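Taking the numbering used here, the leading residue of the sequence shown gets -9, the next gets one more, and so forth. Comments concern the structure below.
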Amino acid sequence: MAFSFRQIQYFVAVAENGAVSRASHELSISQSTVTEAIRELEGDLGFPLFDRRSHGVELTLKGHQFLRHARKILSEIADARRALRSETAPIEGRLAVGVTPLVAAYVLPDLLARFRRAFPHVAVEIIEDTRDYLDHLLVGGELDVAVMVAGTERSSAALHVETMEASPYRLWLPIGHRLAEAESIGIVDLAEEPFVLLMLDEIAEAAEYAWRRAGVRPPVAIRTRSVEAARSLVATGAGVAILPDLTYRPWSLEGDKIEARDLAEALSPVEVVIGWRRGSPLDAIATQFVAVARTYRAGRGRS
């Protein structure tokens, strides 16, 4: 097994973009170069990484598993380069970070791992709570920074907020669903479909807003605060769901396949933001955390 850094880089780009054409545009190289690199990587590994579709590519189960390792490889190489360039003394101290529930599950692990690899002598304290309460802690000086899913209401004017990622909503379907062959699906087509609603970070409210705008009221199969429960319920045919791409994985924990399709109606994407108290200078540790967050790219969407 002798795959290269460039093959890993190309594989991650294709996985994150969902198509060779989009990946090649992002990388500023030809599609044939990307395709050949992926083919050679699959040959080295001994298994296919993608299922080829008319509308792009989708990760296989092994491809999905390999993606986690590939992202870690790229992250560690970037950390090594950054560490070798640094000539300063190690930063030591404490950092208090607040996170909302979806961030805790789908953004924080990778973001925190990157920060800890770069600054291993910093003790990080994590507090998970609602956006409103995290705003309160930031204003009160009890948190240094917070990484949050932005809500429909603006954060306090006392906070400085920057967008890290905008994650679009898509429709999750079980494999073999009657609508799975369509590339784009309208809300009116879902009027009789049972829905799985995720009761976290105003996600359910987005689905209900889409229903109201389309003039339909589909039945609700279940309301849950667990993304993994929602994933398993969709995969086993209990209902469909409208969820942000940052939570999408093509397989449930039980190994059942989940399809994701674009919605015909545009919904405002879920924004992941980082915030801190306005007018209060960030210390050296918080400044470095914000710098890592600014370069962070979840890339969850089409993988």
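Cβ coordinates follow ideal geometry from the N, Cα and C atoms, glycine included. The structure displayed is predicted, hence computed values, not measured ones.
Nearest candidate by alpha-carbon position, reference residue i, set the options
i    : options                : result
A147 : P208, D69, R160, D122  : D122
F185 : L163, V93, L49, E82    : L163
G245 : L102, S258, A108, K52  : K52
L92  : D235, R251, P271       : D235
R168 : V230, I19, S222, V10   : V230
S65  : E118, R268, R84, F105  : F105
P99  : R61, E48, V47          : R61
L188 : V151, K247, V262, L223 : L223
V2   : V47, A228, L128        : V47
R42  : E132, A9, Y159, L133   : A9
L128 : D191, L39, V151        : V151
Y238 : L161, Y199, G227       : L161
E173 : L253, A204, I116, E261 : L253
DSSP state of residue i mapped onto helix, strand, coil
i    : result
E195 : helix
G205 : coil
G131 : coil
V97  : coil
A288 : With a pLDDT of only 41 at A288, under the threshold of 50, the placement of this residue in the model should not be trusted, and no figure is reported.
F279 : helix
T90  : coil
E182 : coil
Buried or exposed by the 16-neighbour rule on C-beta atoms within 10 Å, applied to residue i
i    : result
V178 : exposed
T285 : exposed
E249 : buried
Q55  : exposed
F37  : exposed
D134 : buried
R292 : Any reading at R292 needs caution, since the residue's pLDDT is 41, under 50, leaving its predicted position unreliable; the model's value is listed next. Its Cβ being crowded by 16 or more others within 10 Å, R292 is buried.
P240 : buried
R267 : buried
Residues bridged to residue i [DSSP beta-bridge criterion]
i     : result
A231  : W162
M138  : V263
I(-2) : Partner(s): none; I(-2) has no beta bridge.
G46   : R43
A250  : W162
R84   : A113
S174  : D252
H150  : W266
S157  : V260
V210  : F185
Terminal residues of the alpha helix (DSSP H) in which residue i lies
i    : result
I19  : Per DSSP, I19 belongs to no alpha helix (DSSP H) and is neither H nor E.
L223 : 217 to 225
Boundaries of the beta strand (DSSP E) in which residue i is found, first to last residue
i    : result
V114 : 112 to 118
A9   : No beta strand (DSSP E) contains A9, which DSSP labels as neither H nor E.
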